[in-house]
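Asks: Handing you this structure, nothing more for now.
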Amino acid sequence: MSKKTKHPWRICPIGEHWVQDHPRKVPVSDKNPSGVTIVDGHCRKNPSHHEIFVADELHELAEKYFKDLKTMPTPDNLGNPLGNNFDNLIAGWTQFWNDIFAPQDLLDPNLIKALIASESSFRVNISADSIIGEARGLIQITEQTRKILADQKGELMDYLLALSQKEFYNPNLNLAAGIRWLFHKKYLASHRLKREVTWMEAIAEYKGILPQLGKVKKADKIMNDIEQIYERLNQK
Amino acid sequence: MKLLIISVLLILTCCSTNSVQIYKQTEQFIDIEVSKENFWFTCDETDHKEKKSFMSFYTIEDDTVHLLIFRRIIDTKRCLKVYDKYKKIITKTSKIRLVGINLAKKEKNYLQDQNVPDKFKKAEYLTTWYFVRFHTGNTCESYFTEDCEPQNYWGGLFLHN
Numbered sequence: 001m002s003k004k005t006k007h008p009w010r011i012c013p014i015g016e017h018w019v020q021d022h023p024r025k026v027p028v029s030d031k032n033p034s035g036v037t038i039v040d041g042h043c044r045k046n047p048s049h050h051e052i053f054v055a056d057e058l059h060e061l062a063e064k065y066f067k068d069l070k071t072m073p074t075p076d077n078l079g080n081p082l083g084n085n086f087d088n089l090i091a092g093w094t095q096f097w098n099d100i101f102a103p104q105d106l107l108d109p110n111l112i113k114a115l116i117a118s119e120s121s122f123r124v125n126i127s128a129d130s131i132i133g134e135a136r137g138l139i140q141i142t143e144q145t146r147k148i149l150a151d152q153k154g155e156l157m158d159y160l161l162a163l164s165q166k167e168f169y170n171p172n173l174n175l176a177a178g179i180r181w182l183f184h185k186k187y188l189a190s191h192r193l194k195r196e197v198t199w200m201e202a203i204a205e206y207k208g209i210l211p212q213l214g215k216v217k218k219a220d221k222i223m224n225d226i227e228q229i230y231e232r233l234n235q236k
Numbered sequence: 001m002k003l004l005i006i007s008v009l010l011i012l013t014c015c016s017t018n019s020v021q022i023y024k025q026t027e028q029f030i031d032i033e034v035s036k037e038n039f040w041f042t043c044d045e046t047d048h049k050e051k052k053s054f055m056s057f058y059t060i061e062d063d064t065v066h067l068l069i070f071r072r073i074i075d076t077k078r079c080l081k082v083y084d085k086y087k088k089i090i091t092k093t094s095k096i097r098l099v100g101i102n103l104a105k106k107e108k109n110y111l112q113d114q115n116v117p118d119k120f121k122k123a124e125y126l127t128t129w130y131f132v133r134f135h136t137g138n139t140c141e142s143y144f145t146e147d148c149e150p151q152n153y154w155g156g157l158f159l160h161n
């Protein structure tokens with residue numbers, strides 16, 4: 001994006017991030033006998049001028065705008081009792097990042113639902129063993145990705161997310177970050193292949209198996225599984 | 001003599017049953033125990049340039065190979081570390097119990113041209129599963145840290161009821 005515009009859902013102006021209400025220690029006085037005052041929520045400037053999202057703003061934004069969205073994933077729980085629990089978050093973050101990056105081919109929230117089914121079976125507090133390579137939460141974001149998402153001098157040019165390891169287990173924050181990362185993966189794969197890749201190819205890139213597709217049966221089977229879930233969601 | 005034949009038959013039945021034991025199997029789920037002779041696992045490097053591997057576990061049940069793979073492809077270096085850890089555990093035991101959830105249905109075995117031991121090439125069919133965990137004696141190792149806990153027996157499987 002050559003010129004940044006403020007997304008209508010965002011609380012703060014371009015180049016600033018939201019800080020929620022928080023307690024601050026002050027000298028004990030008649031006005032503050034407890035020695036603690038509550039600082040109201042406010043916007044704070046980002047010295048790097050990057051757009052940086054922190055947990056407070058992501059929570060505020062979801063709370064305010066994700067209740068009544070037009071484009072929702074299909075309400076099919078895929079036979080899993082948890083399957084429809086995150087539909088609002090899926091819809092909200094898909095719409096948000098579609099608005100920000102404005103791709104020609106909009107990301108479909110059903111594809112995110114299929115990806116979550118494949119990554120974690122809709123389990124929130126799940127993590128891949130550290131020896132395998134730490135990956136956390138609904139959409140299984142790796143530790144390496146978490147660092148890249150927050151790195152102001154790294155491979156992301158803008159729209160960073162500064163979140164802690166613990167915060168990545170939160171489904172709202174996990175999806176905000178995971179869908180942002182999927183857009184980046186689509187950009188990277190398109191750049192590498194010198195053509196606009198499909199969202200399904202972006203998913204394969206997200207899973208690290210795009211180069212293997214059509215050559216390695218195991219990779220094909222993983223993608224077939226997602227395609228079947230996606231087809232089921234789109235048939236209903 | 002009759003007693004001897006019955007005893008031999010009983011021993012044979014016992015041992016052949018013991019080599020593969022299915023604790024639970026549905027279209028979506030498998031909990032299988034095999035002897036070490038019917039088991040093999042490897043870091044299957046599928047991308048030499050990027051040095052990426054699928055951790056893969058192979059077992060045989062009659063005419064079918066059950067192939068269990070990790071949900072994600074991982075760096076070969078990391079895969080080999082996992083391999084070494086698992087190998088140390090598996091060396092000490094004669095049986096391995098594996099749990100997987102379905103990734104692909106039973107199909108014609110396609111391992112003939114793959115780099116796997118011959119016995120896995122001979123089976124007629126192959127079913128692919130996502131690896132959930134394995135047990136040996138008191139040891140349990142799982143893909144997701146939480147999946148060795150008894151309440152996660154199904155490994156997040158859909159439609160298991």
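Those protein sequences? They're chains A and B, same order as listed.
With the numbering used here applied, the first sequence covers 1 to 236.
With the numbering used here applied, the second sequence covers 1 to 161.
Here a beta-carbon is modelled for each residue, glycine too, at the ideal position from N, C-alpha and C.
At a CB-CB cut-off below 7 angstroms, which residues of chain B make contact with residue 124 of chain A?
Replies: Chain B residues near residue 124 of chain A: none, gap ~11 angstroms exceeds 7 angstroms.
Asks: Short check: CB of residue 233 of chain A to CB of residue 114 of chain A, under 8 angstroms?
Replies: Contact: yes.
Asks: Excluding the five sequence neighbours on either side, which residues of its own chain have a C-beta within less than 7 angstroms of the C-beta of residue 202 of chain A, listed in chain order?
Replies: Contacts found: 182, 185, 186, 189.
Asks: Measuring straight from C-alpha to C-alpha, what distance separates residue 6 of chain A and residue 198 of chain A?
Replies: So the two alpha carbons sit approximately 27 angstroms from each other.
Asks: In the stretch 82–106 of chain B, which residues sit with their C-beta less than 9 angstroms from some C-beta in chain A, listed in chain order?
Replies: Cβ contacts with chain A come from 82, 85, 101, 102, 103, 104.
Asks: Using a cut-off of 7 angstroms between C-beta atoms, extract the partners of residue 52 of chain B located in chain A.
Replies: The answer, in chain order, is 208.
Asks: With burial defined as no fewer than 16 other Cβ atoms inside 10 Å of the residue's Cβ, what is the status of residue 38 of chain A: buried or exposed?
Replies: Per the 10 Å Cβ criterion, exposed.
Asks: Do three or more CB pairs link the stretch 35–43 of chain B to the stretch 51–71 of chain B at distances below 8 angstroms?
Replies: Because the criterion of three Cβ pairs below 8 angstroms is met, the stretch 35–43 of chain B and the stretch 51–71 of chain B touch.
Asks: By alpha-carbon positions, which one of A:119, A:13, A:60 ends up nearest to residue 43 of chain A?
Replies: Ranking A:119, A:13, A:60 by Cα distance to residue 43 of chain A puts A:13 first.
Asks: What is the DSSP secondary structure of residue 130 of chain B, reduced to helix, strand or coil?
Replies: Three-state DSSP puts residue 130 of chain B in a strand.
Asks: At which residues does the alpha helix (DSSP H) containing residue 50 of chain A begin and terminate?
Replies: Note, residue 50 of chain A: premise wrong, no alpha helix (DSSP H); not H, not E.
Asks: Quick one: Cα of residue 118 of chain B to Cα of residue 53 of chain B, how far?
Replies: Approximately 21 angstroms between the Cα atoms of the pair.
Asks: In whole angstroms, give me the CA-to-CA distance for residue 130 of chain A and residue 157 of chain A.
Replies: Rounded to the nearest angstrom, the two C-alpha atoms are 29 angstroms apart.
Asks: In whole angstroms, what separates the C-alpha of residue 80 of chain B from that of residue 153 of chain A?
Replies: Taking the straight line from one Cα to the other gives about 32 angstroms.
Asks: Note down the Cα distance separating residue 225 of chain A from residue 118 of chain A, rounded to an integer number of angstroms.
Replies: Cα-Cα distance, rounded: 8 angstroms.
Asks: For residue 104 of chain A, which residues of its own chain have a beta-carbon under 7 angstroms away from its beta-carbon, when the five flanking residues on both sides are left out?
Replies: For residue 104 of chain A, where only same-chain residues beyond five positions count, there are no Cβ hits under 7 angstroms.
Asks: State the Cα-Cα distance for the pair residue 2 of chain A and residue 100 of chain A, rounded to the nearest angstrom.
Replies: With a pLDDT of 49 at residue 2 of chain A, under the threshold of 50, the predicted position of this residue should be treated as unreliable, though the coordinate-derived value follows. Whole-angstrom Cα-Cα distance: 12 angstroms.
Asks: In the structure shown, what three-state DSSP assignment does residue 76 of chain A receive?
Replies: Residue 76 of chain A falls in the coil class under three-state DSSP.
Asks: For the structure I just gave you, are there three or more beta carbon pairs, one from the stretch 127–141 of chain A and one from the stretch 132–147 of chain B, closer than 8 angstroms?
Replies: Because the criterion of three Cβ pairs below 8 angstroms is met, the stretch 127–141 of chain A and the stretch 132–147 of chain B touch.
Asks: Apart from the five residues just before and just after residue 106 of chain A, which ones in its own chain have a Cβ nearer than 6 angstroms to its Cβ?
Replies: Same-chain partners within the cutoff: 98.
Asks: Can you tell me whether residue 73 of chain A is buried or exposed, with buried defined as 16 or more other CB within 10 angstroms of its CB?
Replies: Buried, because 16 or more other Cβ atoms sit within 10 Å of the Cβ of residue 73 of chain A.
Asks: Is it the case that the Cβ atoms of residue 180 of chain A and residue 138 of chain A are separated by a distance below 8 angstroms?
Replies: Not a contact, by the Cβ cut-off of 8 angstroms.
Asks: For residue 111 of chain B versus residue 32 of chain B, is the C-beta spacing smaller than 8 angstroms?
Replies: Taking 8 angstroms as the Cβ cut-off, residue 111 of chain B and residue 32 of chain B do not qualify as a contacting pair.
Asks: Residue 39 of chain B CB to nearest chain A CB: under 8 angstroms?
Replies: Answer no: the Cβ-Cβ gap between residue 39 of chain B and chain A never drops below 8 angstroms.
Asks: Any beta carbon of chain A sitting closer than 8 angstroms to that of residue 133 of chain B?
Replies: So no, residue 133 of chain B is outside the interface.
Asks: How would you list, in chain order, the residues of chain A whose beta-carbon sits under 7 angstroms from the beta-carbon of residue 113 of chain B?
Replies: Result: empty, since nearest Cβ-Cβ is about 11 angstroms, beyond 7 angstroms.
Asks: If you draw a straight line from the C-alpha of residue 112 of chain A to the C-alpha of residue 47 of chain A, how long is it?
Replies: For residue 112 of chain A and residue 47 of chain A, the distance between alpha carbons rounds to 33 angstroms.
Asks: Identify which residue in A:213, A:84, A:194 has its Cα closest to the Cα of residue 171 of chain A.
Replies: Residue 171 of chain A has its Cα closest to that of A:84, out of A:213, A:84, A:194.
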